Structure formats: C-alpha cells, structure tokens
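Peer 1: Read in order, the letters of the sequence shown are residues 1 to 640 in the UniProt record's numbering. Ideal Cβ placement from N, Cα and C applies to all residues, glycine included. Since we're looking at a predicted model, the values are computed, not measured. Take this structure, written in structure tokens, and hold onto it; I'll ask about it next.
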Amino acid sequence: MLVPIFTLKLSHKINARMVTIGKFDGVHPCLTAATQAGKVFIHNPHTRAQRPVAHRLSQSSQDSDISLLNINQAVTCLTAGTLGPNTTGDTLLVGSQTNLLAYDVHDNADIFYREVTDGANAIVLGKLGDISTPLAIIGGNCALQGFDYEGNDHFWTVRIKTTYRLFPSVVLMQTVTSLCHMHGSRFGYALANGTVGVYDRTARYWRIKSKNHAMSIHAFDLNADGVVELITGWSNGKIDARSDRTGEVIFKDNLSSSVAGVVEGDYRLDGQKQLICTSTEGEVRGYLPASKDLKGNLMDSSAEQDLIRELSQRRQNLLLELRNYEENAKCLKCLHSPTNSGMGVIPANTQLQTALSVRPATEAQKAHVELSISTPNETIIRAVLIFAEGIFEGESHVVHPSTQNLSGCVRVPIIPPKDIPVDLHIKAFVGGKTSTQFHVFEITRQLPRFSMYDIKVDPSAAAPTGKVTFTINDRPQRVVMWLNQNFLLPEGVDSPDVTFDSLRGGGLLSISMASNGQVDEFHSVHQRLTAAMADHSNYIRNMLVQAEDARLMGDMTTMKKRYRELYDLNRDLINEYKIRSNNHNALLACLKSVNQAIQRAGRLRVGKPKNQVISACRDAIKSNNINALFRIMRAGTASS
C-alpha cells in the first residue's frame, strides 16, 4: 500500500482552499498557507539558519521552521508563482475582501499593494491572451481583474449572470468551487454540491456525487503510469485519487480533519516531486509516486490499516457532531434572552421523515412519484434541496415555499424517465416558525427501480395480451422480497401473484408464480444424506477396530486420537440426523399438499370419473410426469 513518506504536525490551523507552494528564494520550496488569525505562515525547513524579520515578516514562537506574514485582514485567497522579471524567486500574492498584496518573501518587501473594490475571492497566476507579461488574475464578486508585476491593471471584465459556464455548451447549475488542468484539453472540476468530475472540452468523461464537499482538487501522477490522476481532498478528511478516464478510485487515505489543500513540490530536495496534502488542523502528509512493484496495488492494505482509517473517519464525524451540539448548547443558554427568537433552537427529538408513494395522473398533474418530507413536531421546513442523477435538470432540485405556505411537510413530485434505481440525497433547512437560523438535516433515500408502477389497478382495465414464461431457481418468498424492494408498495405484498399499472407508458403488468419441483428436491437431499450416513457408519466401524487394536497394543496415544475422531464423527452424525429429520418432515408436508390437491381434483368429479382422476394422478406421480399430472387435474385426462 502507498504510505506517506513524511508527516508533519504544524502548530497553526489552516484556512480551507488557501494553500500553495512557492520557491521564494528560487531554490527551496516552502509550504505557504493562510491562518485563521489574519496571517500567512511560510514553512521552510531548508534554511533554518536564515530567519529574516521585517515589517511584515516575523518568526513564529511555536515552530522554528515557520515565519509569519502579518496581513492584519482576513485572508480570502493566496497563491505563489513567477510574476515579475527581476525577482529572485516566486512572488507571494495574498488577497482580502478589499486589497491585493504582492510580496517578495526573499527580500522582505512589498512589490505592490492595490485596492480591490470588488473583493478577491480567487486568484491565479499566468498569461492571458496576447498580453506579454504574466498577470495575477483576481476573481471578485462579479469582476475579474489582472495585475502585472508593477500593480498595473491590464485586464478587467464584469460577469453579471449567475449561470456557471465552463464552455459555451457546458452549463452547470451549481457553483464551481475548483478547476484544475489535467492534460491536453482535459480538466477536472468540483461543484459546491459535492460533485467532482472530468471534462475533455465539452465531453464529460465521468462525475461522482458525495454528501461531503470537495475542498481541493489537483492533477498528479500518483501510480506512475504516465497519466495524471484527479486527486480530491474532502471536507471529512478523505483523500482519494481517481482515474482521469473512468473515475475509478486507485488510492485513498484519511486525515484526522477536513482537507485544507492539495499541492505538489520537491519538498525533500531529492529530485522527486511529492503530492502534499494538508488539513485544517495543521497536519501535512507527503506521498511519492508509486514504485514499479506497487503499481496497480495502491489500495492494498492490512486489516489494521483499514481499521485505523475507519476509526479516523468515525472520529472526524463525531467531532463535527460535537461541534454542532456545542453550538446548540450556546443557543440554549440564551433561551430566556429577548433576542433569542431567531436563534433557530429546535426540540431534541426533531428528525427528518421521508415517504415515497405512487400518484396516478390527474387533470392537473401527470403521473409521478411523490416524495413527502416532514418533521414530527411544530418545526417548519424552510427549504429542501434534492440531488438525484438523471432525474432533475442540472441534477438538483430546490423547493423553497413562500413565507405564507411554510409548514412541517413538503411534497415533491418526481418523474423518473427510466426504470433505474436512484439515490435521492436530501438536505432540508429546519427551524422554528420565527427562526432566521436553520438546522440542516441530511438524509439519503433510494428510489426503487420500478417506482412508476402502481399496484392499484382499475378493474375495468384490459388484461395483458402478451406473456413470457420462464423458470427461476428461487422460492416464492425470495420473489416476494424482490417485489417489495423494487416496487413502491404501500403495505408490501406476501404473494408473488400481483398486477401493476404502468404509469409511464400505460397498460398492465401481471406477475404470477407457480412452485414445482420441491418434492424432487427433498427426495434428492434425502438420498444424499442417507448415502453420507452410510459412509460414516462404515468409517466408524473401521475406526473402532483401530482404536481397540491400539488399546490392546498399549499405544495409548493412537487410541486417544482415534476416540477423539470417533467423538467428532458421532457429533457430525447427530447433526446430519437432525438435518435429515427436518428434510423428512418437509418432504411429508409437500407430499401431504400433493395428496390434498389430488383429492380436491377428485372432488370436482362424481362417481367413476372421480376414481379415474385420482388413479391417473397417482400413476403420473409414480412415473414422475409432472406435466401429465397438471393436465389430469385440470382436464381429467393425460391426453392433450
């Protein structure tokens, strides 16, 4: 299994999506990230003897390898790279809601400091169009600005529409949180609803949806096959690497807290780049690409490692729950405060309840599946977000009742276009009637494969004209279980003989099942058990003789061994007898059912035909002619 080649525990918490690596002296890569205290730390373990201090840069009192850059504002984005022609190494760019700072870490000097009125939510370094110099391109609330190394504004544009486009023909109905270039025209993307995928120009290769959020994506060849994989760091601490072509997971690991960023760099200065993953709690792990003997086996792990990963995941989930409980406890302390009306405190027994039901077509609405989402108390549902692949346009659907229609129940009509099972990922905002803050409840409910079939059939509907008959090696109880799992049944069924009305295309679907072959099966089992018991009996006689011979010869070790084997064999014989007894009782019950069926067939006739039917049925059983038995019971004769 691929394991980290180095692990660090830094003494600073890291802001999510604000991690980069820069060679600020032109040689040594430094891990750089924004902290929650309006500072940027620069981790440089390579030049410990050189620790400059300037008007912005100071030494960390907790870690000798870390220098702190004082921004004195909340950092919203940062990156590092080559910006100017005369700088020694990379330039560090730090954005806030009002300003952009370009800083020369090696010379401890501001390159430029510019006001950004629209804010700086994202930043990237690179060349744009026919502009000859590299630009620091800032993404604000609705504007894009590009600054050169002197702080001159060479590019500016405004985007007013809220549609999220990757290309003119690729429109996403969710906020794009991350993009990364893979190779050629292929790129990876992440959305705010937990979707991650890969496009090649306008052709989507794959996508996956998670209830967690993708905090960072990065392209890196982890399995050393010459093609980069999409590395994703998730809000629950999971890291996974997926094939750029299929989305198959080839590697995964877990950090103890949410991933803050994923970058790459030669951090050990050995000529090999490492994949470097950081968490919000300051944990750092570095991974080398797999060696030849590990290629294709990145997922192999021992049971202990799997257990550690599972426990780490559970710990992260429990910490998130604990944080929520602590927030609720703070709200409860303010229960008697006159300003608590909008705090969103809800009863402890509040839970989200869901129900699925089939609704036939009416004059006002098409046939559909109704998803009912409700709470068991006086709380109200302010909004519902449903993600379901292949059902809704844009893969998601939002229900936002008006203020006058708020209640504890929301009903959503769903029309599946195909007979496929679909997972419905549901998020609901729940609170009090006067709340301005709401609790988010998440639940996943599966829509069965054949949900557009209604068991309530109109008696006047025409019977199906076509049919197909086939044989399955399953008991009726298994078929009933399959029906209950794959159809939306209000109370479930206990018989495989059912009729459905197809709401999508119209017409009836009738299913019926006739059991046969049970008597033959019980006979076969009985014969096998009898033969096995006969073999064991012969074995017991031989073993008993060997045990007595050993006793007469004074070989106590062999005698004890043979008697132990006799004891085990006797126990097996007792178990086999119990199985044979149960099989015999089941066989008798089936034979009794067959006899009762023959008697009922005979009672349908009077006099001589009655005796003839019973005699013919018994002859058919003796000759094991089941088809003839059915014909005799139905028509009174074996001839067709």
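Could you tell me which uninterrupted beta strand (DSSP E) segments, each at least 3 residues in length, are contained entirely in the segment 185 to 227, listed from first to last along the chain?
Peer 2: Runs of the beta strand (DSSP E) inside the segment 185 to 227: 186 to 191, 195 to 200, 203 to 209 and 214 to 220.
Peer 1: Run through DSSP, which three-state label would N108 get?
Peer 2: Correct three-state label for N108: coil.
Peer 1: Exposed or buried, what is H397 when buried is set at 16 or more other beta-carbons lying within 10 Å of its beta-carbon?
Peer 2: It is buried - the Cβ of H397 has at least 16 other Cβ atoms within 10 Å.
Peer 1: Per DSSP, what kind of secondary structure is A532 in: helix, strand or coil?
Peer 2: It is helical.
Peer 1: Among L101, G188 and R564, whose alpha-carbon lies nearest the alpha-carbon of S77?
Peer 2: A quick correction: the sequence has Cys, not Ser, at residue 77. Looking at the Cα atoms, L101 is the closest of the given residues.
Peer 1: Over the uninterrupted beta strand (DSSP E) stretch that includes R603, give me the two end residues.
Peer 2: Element bounds for R603: not the beta strand (DSSP E) but the alpha helix (DSSP H), M556 to R603.
Peer 1: Give the straight-line distance between the Cα atoms of I71 and N377, rounded to the nearest whole angstrom.
Peer 2: Spanning the two alpha carbons is a distance of roughly 48 Å.
Peer 1: The beta strand (DSSP E) with R382 in it runs from where to where?
Peer 2: Segment I380 to F387, the beta strand (DSSP E) holding R382.
Peer 1: Going by C-alpha to C-alpha distance, which of Y539, M533 and A34 sits closest to K578?
Peer 2: That would be M533, whose Cα lies nearest to the Cα of K578.
Peer 1: Shortest alpha-carbon distance to residue 658 belongs to which of R186, R201, N236 and S210?
Peer 2: Outside the shown range of the chain, which is 1 to 640, sits residue 658, and nothing can be said about it.
Peer 1: Buried or exposed, going by whether 16 or more other CB atoms sit within 10 Å of the CB of C617?
Peer 2: Counting Cβ neighbours within 10 Å, C617 comes out buried, since at least 16 surround it.
Peer 1: What's the C-alpha gap between residue 641 and M452?
Peer 2: Nothing in the structure corresponds to residue 641, since the chain is present only between 1 and 640.
Peer 1: Alpha helix (DSSP H) containing V479: first to last residue?
Peer 2: Element bounds for V479: P476 to N486.
Peer 1: Classify Q145: buried if its beta carbon has 16 or more other beta carbons within 10 angstroms, exposed otherwise.
Peer 2: That one is buried.
Peer 1: Per DSSP, which one or two residues make a beta bridge with T7?
Peer 2: Answer is R285, bridged to T7.
Peer 1: Alpha carbon to alpha carbon, how far is L92 from A49? Give it in angstroms, no decimals.
Peer 2: In this prediction, A49 has a pLDDT of 47, which is less than 50 and means its spatial position is unreliable; nothing more can be read from the coordinates.
Peer 1: Which runs of the beta strand (DSSP E) spanning at least 3 residues fall entirely within the segment 415 to 460, listed in chain order?
Peer 2: Counting whole runs of 3 or more residues, the segment 415 to 460 contains the beta strand (DSSP E) stretches 422 to 431 and 439 to 447.
Peer 1: Just checking: is the beta-carbon of A143 within a distance shorter than 8 Å of some beta-carbon in chain D?
Peer 2: Note that chain D does not occur in the displayed structure, where there is just one protein chain.
Peer 1: What's the C-alpha gap between D572 and Y539?
Peer 2: Whole-angstrom Cα-Cα distance: 12 Å.
Peer 1: Would you report the Cα separation of L269 and A16, rounded to the nearest angstrom?
Peer 2: Their backbone Cα atoms lie some 26 Å apart in a straight line.
Peer 1: When DSSP labels each residue in this structure, what does K622 get in the three-state scheme?
Peer 2: K622 falls in the helix class under three-state DSSP.
Peer 1: If distances are taken between C-alpha atoms only, which option among G431, L322, C277 and S372 comes closest to N349?
Peer 2: For the residues G431, L322, C277 and S372, the minimum Cα distance to N349 belongs to G431.
Peer 1: DSSP on A142, reduced to helix/strand/coil?
Peer 2: Per the sequence shown, the amino acid found at residue 142 is Cys instead of Ala. Coil, per DSSP.
Peer 1: Are there three or more Cβ pairs, one per stretch, closer than 8 Å when the segment 78 to 90 is compared with the segment 17 to 36?
Peer 2: Yes, the segment 78 to 90 touches the segment 17 to 36.
Peer 1: For I472, which option in P496, L489 and N570 has the closest C-alpha, if you only look at C-alpha atoms?
Peer 2: Taking only the C-alpha atoms, the option nearest I472 is P496.
Peer 1: Quickly, what does DSSP pair N70 with across the bridge? List them, please.
Peer 2: Answer is K39.
Peer 1: Given this structure, state the Cα-to-Cα distance separating V19 from G237, to the nearest angstrom.
Peer 2: V19 and G237: Cα-Cα distance of roughly 16 Å.
Peer 1: Take K273 and list the residues in its own chain whose beta-carbon comes closer than 7 Å to its own, dropping the five residues that flank it on each side.
Peer 2: Excluding positions up to five away in sequence, the list reads E264, G265 and D266.
Peer 1: For P413, does the three-state DSSP call read helix, strand or coil?
Peer 2: Residue state, collapsed to three classes: strand.
Peer 1: Given that a residue counts as buried once 16 or more other Cβ atoms are within 10 Å of its Cβ, and exposed if not, what is P134?
Peer 2: P134 comes out buried.
Peer 1: Please list the terminal residues of the continuous beta strand (DSSP E) segment that includes T20.
Peer 2: Element bounds for T20: V19 to G22.
Peer 1: In the structure shown, what three-state DSSP assignment does K330 receive?
Peer 2: Three-state DSSP puts K330 in a helix.
Peer 1: Quick check: what's the CA-CA separation for I621 versus F630?
Peer 2: One C-alpha to the other measures close to 10 Å.
Peer 1: Confirm, please, whether the CB-CB distance from K292 to E442 is below 8 Å.
Peer 2: No, they are not a contact pair.
Peer 1: Can you confirm whether the segment 397 to 416 touches the segment 368 to 385 when touching is taken to mean that 3 or more C-beta pairs between the two stretches lie within less than 8 Å?
Peer 2: Counting Cβ pairs under 8 Å, three or more are found: they touch.
Peer 1: Applying the criterion that 16 or more other CB atoms from any shown protein chain within 10 Å of the CB defines a buried residue, is Y189 buried or exposed?
Peer 2: Label assigned to Y189: buried.
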